Every structure is written in C-alpha cells, then in structure tokens.
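In our numbering, the protein residues as written are 58 to 256.
Read through the structure below, which is laid out as structure tokens, and then see the notes.
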Amino acid sequence: MKHELPSLPYAIDALAPHVSAETLEFHHGKHHKAYVDKTNALIEGTEYEKLSLEDLIRKALADGNKGLFNQSAQVWNHTFYWNSMSPNGGGKPSGELADAIERSFGSFDDFKKKFIETSVGNFGSGWGWLVKKDDGSLDIVQTDDADTPIAHEGMGKPLFTCDVWEHAYYIDYRNARPKYLESWFDIVNWDFALQNFRG
Ligand code: MN3
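Take a look at the structure:
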C-alpha cells in the first residue's frame, strides 16, 4: 500500500502560540511529508509494499533495515504526535486516566514534572511518550531518533507523544526545549490519551 500524508486534525494556526503555523508548515508540510515520500520510495516493488504501516515498521526493525525503519517509524510517530495535540487541549486528564496517573506517579504535578525532565533529558533527537503497560499502570519512556514503542514488545501502548527533535520547536523556542515542553502541556490532547487508554 502507498502511505499518505494525513491532514492535520486542526487548522495550521490553531495551536499558536504554543506551536506556530510556521512550525507546522515545516514540520508537517516538509518533514512529515518527506518521511512519507521516502517510505513509499523505499518499499516500491518490495515485499513491504503489502504491509500496514505498523507491520512494515516491525518488519523493518526485525530485518535490520534501518533506513526503512527510520523513515516509516517517523511517519507513524508524527501522525500520532499531531493527534496528541489539540487547540482544546491542556488542563488535566479526567476519569480513569486521571486515576491511573495518580496511581502511577503520585499526582498530576509529579507526572508533568517527570515527563518534562525525561523529555528534556533526551540527549539528542527523539520522542517522549506516556504509555500504558500490560498491567494497566502508566510509564514515561523516551525513544531516540525515530524509535517508537509500537516496534518493541513490552514497551507499552502509547497514549500520547511529544516530539523533541529540534525541528519541532526551534522556530518558536530556539534552543529552549524546557520552555517548549512547559508550553506544550497547554495543548496536550487528553481526550486522545483517554481514548488510547481505554482502547
Ligand atoms: Mn518531528
């Protein structure tokens, strides 16, 4: 199958000032598009062509096909990231997700602090994730470069992700990754996270 660049689930300027239209024009229109185009070019005429994006990512990793893994995992991660943000986001989670966060991290504030510390602490490029483990508890994980929890057994089911590659924040925050993360919490899509928690 040919993979498509999904449309953003909101207007290009809807996340400003937390994430500007200019950032999204580059991040979605150039970076994400390039990952989609390169994935399609790499799978053309190969056995990967018939696989879903998720299966393709896992097979590329198992095959040691690093080039394809990086491009295809970035396609998945970015689509998940767009959905992890909302102009109606921010605030605190509700319902059973709020309970799970308290159980796993002590309090919402402790969770937020730990998520920001973990994501700021990623030495290079990568992703911060809130994941649900098999036992129902929550965890914060970081992955490097294109790596993604969906490629690894036992890493947990992603509930939301924050892109901490410089291209995600450099236009708006220059090198200030902690500022980006603080601001990012005002657009976290808790409805999406709850849906993933339940699903
Ligand atoms: Mn990115």
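Ideal Cβ placement from N, Cα and C applies to all residues, glycine included.
All figures in this text were calculated on a predicted structure; none of them were measured in a lab.
**Proximity below 8 Å, CB of Arg234 to CB of Val221** = Against a cut-off of 8 Å, the Cβ pair of Val221 and Arg234 comes out as a contact.
**Item:** Whole-angstrom C-beta distance between Gln128 and Lys257, which should lie under 8 Å
**Value:** With the chain covering only 58 through 256, there is no way to say anything about residue 257.
**Asked** Does the stretch 79-87 come within contact of the stretch 95-113, defined as at least 3 CB pairs closer than 8 Å?
**Response** Flag = no, the stretch 79-87 and the stretch 95-113 do not touch.
**Request:** Taking Gly185 and Cys219 to be in contact with their CB atoms under 8 Å, please state how far apart those CB atoms are, rounded to whole angstroms.
**Result:** Separation of the CB atoms of Gly185 and Cys219 is rounded to 5 Å, and the pair is thereby assigned contact status at 8 Å.
**Prompt:** For Ile197, which beta-bridge partners are listed by DSSP?
**Reply:** Partner(s): Leu187.
**Asked** For Thr175, does the three-state DSSP call read helix, strand or coil?
**Response** Thr175 falls in the helix class under three-state DSSP.
**Prompt:** By how many angstroms is the C-alpha of Asp229 removed from the C-alpha of Lys107?
**Reply:** Between the alpha carbons of Lys107 and Asp229 lies a distance of about 39 Å.
**Item:** Distance between Ser182 and Tyr67 (C-alpha atoms, nearest Å)
**Value:** If I take the Cα positions, the gap works out to 25 Å.
**Asked** So who's on the other strand from Lys214, going by DSSP bridges?
**Response** For Lys214, which the question treats as bridged, DSSP gives the partners Lys189.
**Request:** Following the continuous alpha helix (DSSP H) through Phe249, name the residue where it begins and the one where it ends.
**Result:** The continuous alpha helix (DSSP H) containing Phe249 extends over residues Trp247 to Arg255.
**Prompt:** Which term fits Asp204, buried or exposed, when burial requires 16 or more other beta carbons within 10 angstroms of its beta carbon?
**Reply:** By the neighbour-count rule (16 or more Cβ atoms within 10 Å), Asp204 is buried.
**Message:** So, does the stretch 193-208 touch the stretch 163-175, judging by three or more C-beta pairs under 8 Å?
**Reply:** Yes, the stretch 193-208 touches the stretch 163-175.
**Asked** Under the three-state reduction of DSSP, which class applies to Asp220: helix, strand or coil?
**Response** DSSP places Asp220 in strand when its eight states are reduced to three.
**Message:** I'd like the span of the alpha helix (DSSP H) that includes Tyr237, first residue to last.
**Reply:** Element bounds for Tyr237: Arg234 to Trp241.
**Message:** Does the distance between the C-beta of Trp222 and the nearest non-hydrogen atom of the ligand MN3 fall short of 7 Å?
**Reply:** Yes, Cβ of Trp222 sits closer than 7 Å to a heavy atom of the ligand MN3.
**Request:** Work out the CA separation of Phe162 and Phe254 for me, nearest whole Å.
**Result:** Each residue's alpha carbon lies about 16 Å from the other.
**Message:** Taking the beta carbon of Arg160 as the centre, do at least 16 other beta carbons fall within 10 Å, making it buried, or is it exposed?
**Reply:** Under a 10 Å Cβ-count criterion, Arg160 is classified as exposed, with fewer than 16 other Cβ atoms of the shown protein chains found around its own Cβ.
**Asked** How about Ser240 and His135: do their beta carbons lie closer than 8 Å?
**Response** No, Cβ-Cβ distance for Ser240 and His135 is not below 8 Å.
**Request:** Count the other CB atoms, across all protein chains shown, that sit within 10 Å of the CB of Asn145; report buried if there are 16 or more and exposed otherwise.
**Result:** Classification of Asn145: exposed, given that the 10 Å Cβ count is below 16.
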